[in-house]
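The next block holds one structure in the form of structure tokens; read it before the comments.
Protein chains: 2
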Amino acid sequence: MKTLNATFFALSDPTRRAILARLALGEATVTELVEPFAISQPAISGHLKVLESGGLISRRIDGSKRPCRIDKKGIEVVDQWLAMMRHALAKNYDRLDQLLTDLQHNENDAKGD
Amino acid sequence: MKTLNATFFALSDPTRRAILARLALGEATVTELVEPFAISQPAISGHLKVLESGGLISRRIDGSKRPCRIDKKGIEVVDQWLAMMRHALAKNYDRLDQLLTDLQHNENDAKGD
DNA sequence: CTTGACTATAACAAATTACTTATATAATCT
DNA sequence: AGATTATATAAGTAATTTGTTATAGTCAAG
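Chains as they are written, first to last, in our numbering: chain D, 72 to 184; chain E, 72 to 184.
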């Protein structure tokens with residue numbers, strides 16, 4: 072459960088998701104990750120730490136470089152949460168109150184923020 | 072993209088995920104949601120607003136009550152992001168450098184925080 | 001062994017978040 | 001109408017987050 076917190080928290084920041092998207096194209100060192108992102112190197116290092124503790128990336132040691140790559144653990148955590156939600160939703164789907172709210176949902180059609 | 076931000080941000084808070092878990096059991100009004108959570112009603116209302124703007128819940132109007140229910144839009148957004156990541160990872164999986172880093176990953180085995 | 005590249009940490013400021021209590025608004029009930 | 005219930009908004013506060021610059025540590029190259 073703590074993992075879930077850390078993982079979703081890591082994903083909640085657009086810069087960190089952008090880092091993941093970059094990393095999805097292949098491994099990259101910290102310096103390589105700083106380039107496209109227009110924020111300082113320490114800021115990126117901080118994001119990487121958050122991503123790592125969320126199980127979304129891992130790092131190796133290559134001399135003085137620390138190449139980062141996507142770690143599937145984090146992705147699996149999200150996947151499991153999704154599956155859990157879908158399971159709970161499916162279980163409820165044939166309950167009467169859910170059906171009723173489905174019907175009533177129509178009146179909810181044009182609603183602003 | 073803005074939706075992704077809002078959705079993941081909404082999911083990044085444990086209280087909000089707990090609200091979703093409760094809602095997965097079926098619709099609930101704001102007052103019903105306040106009960107199990109030991110925080111004030113305005114705090115819950117704030118969380119609900121965040122969840123709604125992340126497309127994770129929707130609300131109907133029932134007299135003075137505002138029953139909340141899970142909205143699958145948010146879940147689909149997460150699902151699409153997952154699919155996108157998996158696709159990018161799969162595309163890279165047969166690239167040489169990825170294979171190399173896979174091999175080198177072994178030396179990364181026992182690494183603390 | 002000094003210099004330069006790569007990354008992490010410290011110290012601090014600004015913005016955001018998540019609460020709180022108090023209050024406003026709207027619907028329900030008597 | 002007056003009281004009660006259901007929810008939202010306002011104002012304020014403490015904690016957290018995200019960024020910055022400056023600096024330290026480690027490795028590589030000459």
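Note that the Cβ used here is the ideal one computed from N, Cα and C, for glycine as well.
query                                                                                                                                                                      : result
Taking the alpha carbon of ARG88(D) as the point to measure from, which residue in LYS144(D), ILE128(D), LEU75(D) has its own alpha carbon closest?                        : ILE128(D)
Helix, strand or coil: which one does DSSP assign to ASP84(E)?                                                                                                             : coil
Quickly, what does DSSP pair ASP150(D) with across the bridge? List them, please.                                                                                          : DSSP output for ASP150(D) lists no bridge partner at all.
Say the cut is 8 Å; is the CB of LYS120(D) nearer than that to a heavy atom of the ligand ATP?                                                                             : Questions concerning the ligand ATP fall outside what the structure shown contains, since it holds no ligand whatsoever.
Three or more C-beta pairs closer than 8 Å, one from the region 92-107 of chain D and one from the region 104-117 of chain E: is that the case here?                       : no
In terms of residues, what are the limits of the beta strand (DSSP E) holding SER129(E)?                                                                                   : 128-130
Using a Cβ distance threshold of 8 Å, determine whether the region 75-88 of chain D contacts the region 129-149 of chain D, with at least three qualifying pairs required. : yes
Measure the Cβ-Cβ separation of CYS139(D) and ALA95(D) and say whether it is below 9 Å.                                                                                    : no
Give the interface partners of PRO149(D) over in chain E, defined as CB-CB distance under 8 Å, in chain order.                                                             : As written in the sequence, residue 149(D) is Val, which differs from the Pro given in the question. Result: VAL149, LEU153.
Looking only at C-alpha atoms, which of ILE132(E), THR86(E), ILE141(E) sits nearest to ALA161(D)?                                                                          : ILE141(E)
So with CB distances below 7 Å, who are the chain D contacts of PHE108(E)?                                                                                                 : None at all; the shortest Cβ gap to chain D is about 16 Å.
I'd like to know if ILE115(D) contacts chain E, where contact means its C-beta is closer than 9 Å to some C-beta of that chain.                                            : no
Once DSSP output is grouped into helix, strand and coil, what is the label at ALA99(E)?                                                                                    : strand
Determine the direct distance from the alpha carbon of SER116(E) to that of ARG157(E), and round the result to whole angstroms.                                            : 35 Å
Would a check of beta-carbon distances place ILE90(D) closer than 9 Å to chain E?                                                                                          : no
Beta strand (DSSP E) containing ILE141(D): first to last residue?                                                                                                          : 139-141
To which residues does DSSP link LYS136(D) through a beta bridge?                                                                                                          : ASP133(D)
Report yes or no: is there a C-beta of chain D within less than 9 Å of the C-beta of LEU104(E)?                                                                            : no
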